[in-house]
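Numbering (the working numbering), first residue to last: 982 to 1167. Right, one structure below, let's go through it.
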Amino acid sequence: MSPPDSVDRPITQYKDQRSGERELLSGSQPDTSSEEGDYAKEEYEDDDDHDDESNSVESNDEGIFRPEQPFVLRTRTDDWLGIVLDKLARLINGNLLQAAFVNAQHLGIDVQSMKSGALMYTPRSTSRSLPAALTPVQLQSRVAHDPIIDAIPHARFRHNLLSAIANQQATPAVLSCSTRGSGAME
């Protein structure tokens, strides 16, 4: 027995919509023959008995559609999501580094020092008038650090980073590597 038209129409529309979304995301219809393809399978199991009577459409259910086959939810694997997140991380990192280069110009740090990531000490006396957000904290002249830290426009954050380095809770090399790890500096 086929489901009533009022129930069948929304389900068909939903299936068509999901199919269109899959085509847009993957560029073509996914291969559903294997579970290790672009889509992972998750099966929905009903708590009721799985005999033919509970899974078929009956008039006593009044508007509840129970498919004869178990519901299969297809979701994108982390491969596609990972690509999107990687692009987003690169964009954020690129914007951070672009802002750091502009701030470094205000501080008088040359581009090659910023790109190299060689550890440095910030000079104590600055004759330039700097924005308050870029004024060096005391630890910047006492702790060797990546010059990108000087370009961060948040004094408390710079102080906390340098305190972690001074207390050996973080190493300058690891901090530099994680900041520059996206390849946006090249």
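Glycine included, C-beta positions come from ideal geometry on N, C-alpha and C.
Quiz item: Are there 16 or more other CB atoms within 10 angstroms of the CB of R1105, so buried, or fewer, so exposed?
Solution: Your numbering for residue 1105 matches position 124 in the sequence shown. Exposed, by the Cβ-count rule.
Quiz prompt | Residue environment, H1135, which counts as buried when at least 16 other CB atoms sit within 10 Å | solution = Working through the sequence shown from its first residue, we reach residue 1135 at position 154. By the neighbour-count criterion, in which a residue is buried when 16 or more other Cβ atoms sit within 10 angstroms of its Cβ, H1135 is exposed.
Quiz prompt | Between the CA atoms of D1131 and N1074 - distance to the nearest angstrom | solution = Walking along the sequence shown from the start, residue 1074 turns up at place 93. Walking along the sequence shown from the start, residue 1131 turns up at place 150. The straight-line gap from Cα to Cα measures roughly 16 Å.
Self-check item: C-alpha distance - A944 paired with S1157, whole-angstrom precision
Solution: For residue 944 there is no data in the structure shown, the boundaries of the chain being 982 and 1167.
Exercise. Could you give the DSSP three-state label for H976: helix, strand or coil?
Key: For the chain, the structure presents residues 982 to 1167; residue 976 sits outside this window and is missing.
Exercise. Could you say which of Q1121, A1154, I1133 lies nearest to S1144 if we only look at CA atoms?
Key: For the purposes of this step, residue 1144 is identified with residue 163 of the sequence shown, where counting begins at 1. Of the candidates Q1121, A1154, I1133, the one whose C-alpha sits nearest the C-alpha of S1144 is Q1121.
Practice problem: Could you name the residues of the same chain whose beta carbon sits closer than 7 Å to that of L1115, not counting the 5 residues immediately before and after it, in chain order? | Solution: Here the question's residue 1115 lines up with position 134 in the sequence shown. The residues are N1084, H1087, L1088, P1134.
Quiz prompt | Between the CA atoms of R1071 and Y1102 - distance to the nearest angstrom | solution = Taking the first residue of the sequence shown as 1, we reach residue 1102 at position 121. Taking the first residue of the sequence shown as 1, we reach residue 1071 at position 90. So the alpha carbons of these two residues sit roughly 28 Å apart.
Self-check item: DSSP state of H1135 mapped onto helix, strand, coil
Solution: Translated into positions along the sequence shown, residue 1135 becomes position 154. H1135: coil per DSSP, three-state reduction.
Quiz item: Exposed or buried, which one is D1127 when buried takes at least 16 other CB atoms within 10 Å?
Solution: In the sequence shown, the residue the question calls residue 1127 occupies position 146. It counts as buried.
Exercise. Kindly indicate which residue of Q1093, L1100, I1090 has the alpha-carbon position closest to the one of P1153.
Key: Locating residue 1153 in the sequence shown gives position 172, counting from the first residue. Of Q1093, L1100, I1090, the residue nearest in Cα terms is L1100.
Practice problem: Using three-state DSSP, classify T1056 as helix, strand or coil. | Solution: Working through the sequence shown from its first residue, we reach residue 1056 at position 75. In this prediction, T1056 has a pLDDT of 48, which is less than 50 and means its spatial position is unreliable; nothing more can be read from the coordinates.
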